[in-house]
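Numbering (my numbering), first residue to last: 42 to 363.
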Amino acid sequence: MKNISLSGDIDFIIDDIKNTVGDKKLYVAFSGGLDSSVVAILSKMALGSEKVELVTTKFDFTYPQTIEIVKKFSSDAGLQHVFVDASEWQKKIWKSGPACNACTRGPKLQSVKHYAKDGIVATGSEFEDTWGQQGIKVNDGIYSPISHLSRSEVQEIANLLGLKIEKIGENSRREGCILKHLLKMMTSEFHGKAVYESNVQLMNIVKSSSANFSVANVKIIGPLSKNFALVNLQPLPSSELLAEIKNIIDAIPQIEKTEIVNKPIKLKIIANPGIYNDEKARYWIENGRLKPDFAFPIFVDWKISKNNRLNTFEVVDYEFIS
């Protein structure tokens with residue numbers, strides 16, 4: 042019965058895309074992930090390949106695997122594709138602390154919109170995203186054709202369409218930009234190189250190993266003068282592979298110390314007053330932003346920041362809990 046219902050959803054979305062786009066061209070903000078891939082194929086079904094173009098915002102901190110994934114998908118789908126660069130804009134945001142939402146609203150979407158000019162930009166926002174929960178389908182030239190669907194429903198539609206989504210390897214559920222693993226202000230290339238090199242190296246090891254990980258990343262934390270690397274792998278691999286990973290990450294010049302997260306951990310976080318005094322904001326950072334990317338349970342010791350350049354938060358230290 043669910044497949045019948047979802048088949049109806051597919052027809053509804055195709056009609057909705059046709060009616061929304063009209064005689065314009067549709068530019069899909071394309072990451073290569075599940076949501077944007079489903080939107081790309083449904084858009085092609087609705088409008089034909091001539092009226093659909095995939096646009097990927099590229100950063101200095103984009104996974105090399107992502108670049109290959111989006112190129113292969115667009116080629117296999119027979120759709121036009123282009124990269125637009127927003128590296129400097131992203132770096133400017135991260136100077137004031139981790140801010141994934143600001144990056145999505147700013148450089149990721151606005152760079153695509155600038156490229157699209159008067160065309161309509163489609164995103165893969167679904168019901169579990171903030172945009173979907175607000176019930177917004179079209180706003181200021183940006184359109185979310187699957188905003189009424191849950192993530193599981195989007196996955197089922199992908200299955201019906203015969204779509205197989207290639208993964209980078211960092212997370213079995215949601216993947217993204219390398220920079221989300223930098224949990225501190227990026228005041229210089231010193232921090233950027235640490236998070237980029239460590240995560241690229243880890244993904245190379247993951248790809249070459251026979252193990253399947255639900256979580257695989259390197260979080261960069263610590264005071265501004267030092268980069269501590271916290272390696273998250275779930276499930277934990279063999280002690281031999283862990284030792285190899287630790288040695289490789291330790292050899293990166295910008296990294297002071299490498300730890301394998303193999304037990305519960307307490308993170309010491311400083312936050313700007315707006316976040317520190319907002320219980321909901323602290324809850325989301327802890328449970329929505331950080332917890333899904335750690336291999337073991339996390340606990341947070343919150344402190345208020347006195348640094349007026351910090352707009353969000355920084356993980357400045359840690360300790361393992363026995």
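For each residue, glycine too, the CB sits at the ideal point set by N, CA and C.
The segment 77 to 149 contains, as complete alpha helix (DSSP H) runs of 4+ residues, the segments 105 to 118, 128 to 135 and 141 to 144 (chain order). Taken through DSSP and simplified to helix, strand or coil, L202 comes out as helix. Counting along the chain, the unbroken beta strand (DSSP E) around A163 starts and ends at I161 to A163. Using a Cβ distance threshold of 8 Å, K248 and G210 count as a contacting pair. Around the Cβ of S115, a 10 Å sphere holds 16 or more other Cβ atoms; the residue is buried.
Looking at K267, K136, A336 and A292, the one whose alpha-carbon comes closest to that of Q275 is A336.
Nearest in C-alpha terms to S255, of all of L190, N268 and N273, is N273.
Note on geometry: alpha-carbon atoms of D56 and A87 lie some 7 Å from one another.
Contact between the segment 228 to 245 and the segment 88 to 97 is absent: fewer than three C-beta pairs spanning the two stretches fall below 8 Å. According to the DSSP secondary-structure assignment, N212 is paired through a beta bridge with V256. Taking one beta carbon from each stretch, the segment 109 to 124 and the segment 67 to 81 have 3 or more pairs nearer than 8 Å; the two touch. Look at F269 here: in three-state DSSP terms it is strand.
In this structure, the alpha-carbon of H189 lies about 45 Å from that of A284.
Sorting L83, P305 and S266 by C-alpha distance to the C-alpha of N200 places L83 at the top.
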